[in-house]
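To convert, note that position 39 of the sequence shown is 101 in my numbering; the numbers rise steadily by one, no gaps. In what follows, a single structure is set out as structure tokens and then discussed.
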Amino acid sequence: MAKKPPQEPFGCTIAIAVLLGVAYALPYLFTFTVYAFPLFVAFLLVFSNWRGPLTPEFIDESQVGAALHDLETARRSLLEDIADLRARGTREGVRYLKLEDRFEMRSSRGQELNEALANARSALADVATRIEMAQHPQHRRDHAWRLSMRSWRRGKAFRLAFIAALFSFAAFAALLKGYVYEGADLLVWNALPNLIGRHVEVATVFGWVLGLATFLAIRRSNRLAAERENGASERHADVLDDIGPQSGDGAYQSDKEIDDPYLILNVSPQATIPEIKAAYRLAIVKCHPDTVADRSKSIREAAQAEAQRVNAAYDAIRNEQGFN
């Protein structure tokens, strides 16, 4: 039986066609690069921020109110999303278990809805944490200040990218002009040959590359800084009411008062044993591992520390009053 001649792989044909298309499009791409470079630089300049960063002392009440309003809007939106997920599952015939507050897991659709619910609830918990921080007397300016810092960092990224793009373009254009660049013409159509020489064409490529590289590098640095700030703000967010009880004049109470087991459980020394037990259950459920299982690592660590604090307070009261 005669063997069939080997056939050329279809993938190689596609790869060759793509390479030819790219090679054909390169002159037009360079043309776009040259003529769009002024627009690129102007775009960076418009969004640049040339002011210095704000300090928390310069955050006024209007900024605090605007930040809190945005958080409340986000919270309402997430609540609507959760309600919409429940209604959508009901319309699709997926049974909702009210006692367990989730959909049945027997169908793949139920698993998808439960995953979406978990994500929405996790986002809602994060927003609730930020609202609690924004409403706390000592930290109410912090959230608005972090927002202003993020805005300032975005403006800084545009500013440094603008400087990098413009400086690299000017430097390479001068360098290539000084060496009398005689390379190939990158433009398909040059409307101003006396103004847009070959050295200018090549310099715009360097301006694009260094400008974009600078912008992306600073954006990544800004993202890491925002994550560090979020982690720092979350460490005590779940336990602010218990850790930082305040007196009538708004000042923090002394360390001795904060270590008072009755204040930790938020009960009176004259409270009955059932009232103390109920207060303990209410306090420990807020920082139980199951309650914060889907939260960030910093929140889980803060909850663990608060659980130890609540348990120690409850043990001290039990030993003092002699009940189990």
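Using N, Cα and C, we set each Cβ at its ideal position, and we do this for glycine too. Just so you know, these numbers come straight off a predicted model, no measurement behind them.
Query raised in the report: Which residues in the same chain as Y90 place their Cβ atom closer than 7 Å to its Cβ, once the five residues preceding and following it in sequence are excluded?
Result: The answer, listed in chain order, is V250.
Query raised in the report: How would you write the range of the alpha helix (DSSP H) that Y324 sits in, first residue to last?
Result: Residue range P323 to L327 is occupied by the alpha helix (DSSP H) that includes Y324.
Query raised in the report: Among K348, N386, Q383 and L237, which one has its Cα closest to the Cα of R371?
Result: With distances taken between CA atoms, R371 lies nearest to K348 out of K348, N386, Q383 and L237.
Requested in this report: Look up L257 in the DSSP assignment and say whether it is helix, strand or coil.
Outcome: In this structure, L257 counts as coil in the three-state DSSP scheme.
Query raised in the report: Roughly how far, in whole angstroms, is the beta-carbon of I326 from the beta-carbon of F385, given that I think they are within contact range, below 8 Å?
Result: I326 to F385, Cβ: 17 Å. No contact.
Query raised in the report: What's the call for D377, buried or exposed, on a 16-neighbour Cβ count within 10 Å?
Result: That one is exposed.
Query raised in the report: Who are Y376's beta bridge partners in DSSP?
Result: Y376 pairs with nothing; no bridge assigned.
Query raised in the report: Once you ignore the five residues that flank R221 on each side, which residues in its own chain have a CB closer than 7 Å to its CB?
Result: Non-local beta-carbon contacts of R221 in its own chain, meaning distances under 7 Å to residues more than five positions away in sequence, involve S110, N111 and W112 in chain order.
Query raised in the report: Between S210 and Q125, which are expected to be in contact by the criterion C-beta below 8 Å, what is the C-beta distance as a whole number of angstroms?
Result: Going by Cβ atoms, the distance from S210 to Q125 rounds to 7 Å, so yes, they are a contact pair.
Requested in this report: Specify, as a first and last residue, the run of the alpha helix (DSSP H) that Q332 falls within.
Outcome: Here Q332 belongs to no alpha helix (DSSP H), and DSSP marks it neither H nor E.
Query raised in the report: DSSP beta-bridge partners for L159?
Result: In the DSSP output, where bridge partners are listed per residue, L159 has R164.
Query raised in the report: If you count every other CB in all the chains shown that lies within 10 Å of the CB of T428, and 16 or more means buried, which is it?
Result: The structure shown does not extend to residue 428, since the chain spans only 63 to 386, so no value can be given for it.
Query raised in the report: Considering only the beta carbon of each residue, do G259 and A227 sit closer than 7 Å?
Result: Contact check for G259 against A227 fails: the beta carbons are separated by 7 Å or more.
Query - Nearest to V267 (by Cα), restricted to the options L81, F99 and G83 - result: Nearest to V267 by alpha-carbon distance, out of L81, F99 and G83, is F99.
Requested in this report: Could you tell me whether the region 132 to 146 touches the region 232 to 239, using the rule of 3 or more Cβ pairs below 8 Å?
Outcome: Short answer: they don't touch.
Query raised in the report: Below 7 Å between beta carbons: does that hold for T276 and A232?
Result: By the CB criterion at 7 Å, T276 and A232 fall outside the cutoff.
Query - Span of the alpha helix (DSSP H), counted from its first residue to its last, around L147 - result: The continuous alpha helix (DSSP H) containing L147 extends over residues E123 to R153.
Query raised in the report: Between the beta-carbon of I121 and the beta-carbon of A206, is there less than 7 Å?
Result: Going by C-beta atoms, I121 is nearer than 7 Å to A206.
Query - Beta-carbon proximity of G155 to F165, cut-off 7 Å - result: No, the Cβ-Cβ distance between G155 and F165 is not below 7 Å.
Query raised in the report: Do P323 and A375 have their C-beta atoms within less than 7 Å of each other?
Result: Yes, the pair counts as a contact, with Cβ atoms nearer than the cut-off.
Query - Burial state of R157 (16 or more Cβ within 10 Å) - result: With fewer than 16 Cβ atoms within 10 Å of its Cβ, R157 is classed as exposed.
Query raised in the report: Are there 16 or more other CB atoms within 10 angstroms of the CB of L179, so buried, or fewer, so exposed?
Result: That one is buried.
Query raised in the report: Just the Cα atoms here: how many angstroms apart are A79 and F94?
Result: As the crow flies, the alpha-carbon of A79 is around 22 Å from that of F94.
Query raised in the report: Considering only residues of the same chain and omitting the five flanking positions on each side of A369, which have a CB-CB separation below 6 Å?
Result: Taken in chain order, the residues that qualify are C349.
Requested in this report: Closer than 7 Å by C-beta to L107: which residues in its own chain qualify, once you throw out the five before and the five after it? Chain order, please.
Outcome: Apart from sequence neighbours up to five positions away, the residues of its chain that approach L107 with a beta-carbon distance below 7 Å are F224, ordered along the chain.
Query raised in the report: Is it buried or exposed for V264, if we count other Cβ within 10 angstroms and need 16 for buried?
Result: Buried, by the Cβ-count rule.
Requested in this report: Within its chain, find whatever has a CB closer than 8 Å to the CB of S169; leave out the 5 residues flanking it on each side and keep chain order.
Outcome: Within the same chain, V156 come within 8 Å of S169 by CB-CB distance, once the 5 residues on both sides are set aside.
Requested in this report: Measure the alpha-carbon distance for N252 versus A87 and round it to whole angstroms.
Outcome: The alpha-carbon separation between N252 and A87 amounts to approximately 16 Å.
Query raised in the report: Do the CB positions of V329 and A345 come within less than 7 Å of each other?
Result: Taking a C-beta distance under 7 Å as the contact criterion, V329 and A345 do not qualify as a contact pair.
Query - Distance CB(L133)-CB(L175) smaller than 7 Å - result: Between L133 and L175, the C-beta gap is not smaller than 7 Å, which leaves the two residues out of contact.
Query - Close-in-space but distant-in-sequence residues of the same chain around A185 (CB under 7 Å, 5 per side omitted) - result: Residues L140 of the same chain have their beta carbon placed closer than 7 Å to that of A185, with the five preceding and five following residues left out of the count.
Query raised in the report: Is the beta carbon of A187 less than 7 Å from the beta carbon of I280?
Result: No, Cβ-Cβ distance for A187 and I280 is not below 7 Å.
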